[in-house]
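Numbering (UniProt numbering), first residue to last: 1 to 509. Take a look at the structure set out below.
Given below as structure tokens:
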């Protein structure tokens with residue numbers, strides 16, 4: 001096959017890539033080289049974009065680019081930086097960036113995106129800071145949208161405000177909504193997400209309320225942000241406002257974001273209405289089905305959760321798709337929280353033995369919850385220990401603070417307080433409030449006031465503003481008739497301005 005000129009070969013390769021015929025495109029490149037037709041700076045960028053089909057192609061293309069002397073072209077070099085980053089080769093990507101004699105805004109954006117996508121948000125911020133000081137390349141709207149995602153990961157609200165101020169100073173949000181409304185929304189949505197992830201709900205609300213126009217992504221970002229910060233009632237109100245403005249959720253992300261809000265502050269009937277909406281509008285995909293499964297389980301409708309789970313397995317089997325660990329973990333957790341320990345463990349064994357699905361950190365939490373809610377007998381403690389160790393050794397799941405807290409709760413509930421203390425001492429990470437709080441609760445359960453006082457002292461240092469810890473210690477002392485010590489704890493709470501908020505619940509009739 002011969003396409004004549006370089007331009008003809010480039011067109012043929014681009015056509016193959018657009019049709020998804022990646023192997024054919026790379027075959028055309030080989031034919032082009034054999035005919036002696038020289039590639040130019042338009043040849044390699046489209047191929048590098050699609051080199052993700054095989055990692056070995058990227059270094060091969062890089063070698064060809066060097067041989068032909070095309071690396072000096074910014075368009076080609078930028079595509080190469082991005083190609084390495086997509087495969088997780090951050091060092092190769094950034095080394096190439098550092099060696100480039102000239103850089104434009106796209107180059108900087110490629111480096112910043114590479115850092116973010118490879119879990120290096122601090123490094124992304126470092127490049128952004130240097131980019132702002134460059135006299136040749138200034139951040140554009142894509143830059144700030146990417147860097148706001150990095151700030152959300154870091155949860156450093158002060159730095160996030162600095163980026164927000166930079167956006168306003170540089171006029172990256174236009175006042176003329178008709179001229180650049182879509183771009184405005186992308187930046188403003190990123191600001192909402194950043195502030196919410198940094199626990200600055202008020203700033204997120206201000207950005208949301210000041211938007212000249214909101215799209216579905218704006219509403220979804222605000223609802224998700226409120227849920228992340230434990231404000232389900234407000235999230236539900238925002239959802240109802242969205243519906244009143246004629247914005248209808250037409251994707252799985254927006255539906256899945258509102259279901260936890262209904263669980264936290266809504267009613268089962270509202271959940272059923274959303275379920276019906278997803279069916280009528282063809283939105284019932286695995287992502288939504290798993291969120292519905294979780295919602296029904298939290299409302300106590302475990303049978304409906306089971307129906308959704310088995311429907312999910314049936315549809316995936318018919319499409320020859322493997323089931324998701326997310327849906328299996330959600331169903332295991334549903335059984336666990338309702339005390340169906342045997343069902344949870346049996347489903348877990350079926351997952352790892354029959355489907356060969358690899359468990360993740362949520363699966364581990366579901367197993368620990370199942371063993372804890374099953375009464376915490378010695379056999380279940382042994383079961384939990386076995387899987388806790390197995391998750392690390394066999395499945396490479398690194399336990400987080402909440403996994404350690406769950407194990408302490410399990411050991412403590414079984415009356416193994418000394419073993420729980422030994423477990424804490426051997427933790428590879430610094431025990432947090434969740435871990436010490438779990439042990440304090442177990443001390444009260446087993447009337448171990450002496451250990452409880454020691455744990456409460458530690459908690460007063462690591463979590464001084466939580467009144468619940470003081471109330472728990474006070475109740476323990478009262479049960480032992482140590483009224484003078486009770487008065488001292490209560491006086492300490494009063495002097496430090498701590499007051500436990502009363503709890504409440506809804507009854508759905």
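Note that CB positions come from ideal geometry on N, CA and C, so glycine has one too. These numbers come from a predicted model, not from an experiment.
Considering residue i, what are the terminal residues of the alpha helix (DSSP H) in which it resides?
i	result
residue 168	157-169
residue 41	First-last for residue 41: undefined, no H or E at that position.
residue 300	Element bounds for residue 300: n/a, residue is neither H nor E.
residue 371	361-373
residue 112	105-117
residue 24	22-34
residue 211	First-last for residue 211: undefined, no H or E at that position.
residue 380	378-393
residue 399	Looking at the DSSP string, residue 399 is not in any alpha helix (DSSP H), and its letter there is neither H nor E.
residue 19	Element bounds for residue 19: n/a, residue is neither H nor E.
residue 425	417-425
residue 150	141-154
residue 67	57-68
residue 480	Run containing residue 480: none; DSSP gives neither H nor E here.
residue 132	121-132
residue 433	433-445
residue 456	449-462
Taking residue i as the reference, which of the options has the closest Cα?
i	options	result
residue 262	148, 237, 379, 308	237
residue 144	483, 110, 291	110
residue 286	58, 378, 353, 331	331
residue 195	151, 280, 94, 167	151
residue 393	10, 358, 401	358
residue 172	142, 298, 398	142
residue 249	227, 269, 217, 355	217
residue 117	388, 86, 270, 473	86
residue 202	401, 161, 186	161
residue 435	456, 71, 38, 214	456
residue 246	213, 231, 268, 227	213
residue 101	74, 420, 158	74
residue 512	62, 276, 32, 366	Examination of residue 512 is not possible in this model, given that the chain is present from 1 through 509 alone.
residue 327	306, 345, 138, 229	306
residue 165	154, 155, 231, 148	148
residue 448	476, 433, 42	476
residue 226	244, 200, 137	200
residue 423	411, 301, 494	411
residue 106	96, 79, 83, 121	79
residue 169	136, 154, 132	132
residue 391	372, 360, 10	360
Note to self: Is it the case that the region 411-418 contacts the region 432-449, given that we only count it when at least three CB pairs across the two stretches are under 8 Å?
What the structure shows: With three or more CB-CB distances shorter than 8 Å, the region 432-449 counts as touching the region 411-418.
Item checked: the region 397-405 in contact with the region 372-386 per 3-pair CB rule at 8 Å -> No: fewer than three Cβ pairs fall under 8 Å.
Next item on the list: Taking 8 Å as the threshold, find out whether the region 85-92 comes into contact with the region 124-133 through three or more Cβ pairs.
Entry: As far as the Cβ criterion goes, the region 85-92 does not touch the region 124-133, which means the pair count is below three.
Next item on the list: Please confirm if the region 239-248 is in contact with the region 192-210, defined as three or more CB-CB distances below 8 Å between the two stretches.
Entry: Touching, no, given that fewer than three Cβ pairs across the two stretches are closer than 8 Å.
Notebook entry, point to check: At which residue ranges does the region 258-344 contain complete alpha helix (DSSP H) runs of 4 or more residues, listed in the order of the chain?
Noted result: List check, alpha helix (DSSP H) in window: 268-280, 286-298, 302-318, 325-337.
Checklist line | Start-end ranges of the alpha helix (DSSP H) lying completely within the UniProt repeat "PPR" (215-249), minimum 4 residues | finding: Within the UniProt repeat "PPR" (215-249), the complete alpha helix (DSSP H) runs of at least 4 residues are 216-228, 232-244.
Check: Can you give, in chain order, each stretch of the alpha helix (DSSP H) that sits fully within the UniProt repeat "PPR" (73-107) and has at least 4 residues?
Finding: Correct list: 74-86, 90-99.
Next item on the list: Assess, as a yes-or-no matter, whether the region 217-227 is touched by the region 246-260 under the definition of 3 or more beta carbon pairs within less than 8 Å.
Entry: Contact between the region 246-260 and the region 217-227 is present, because at least three Cβ pairs lie under 8 Å.
Note to self: Quick test of the definition: if touching needs 3 or more C-beta pairs under 8 Å, does the region 260-276 touch the region 294-301?
What the structure shows: Yes, they touch.
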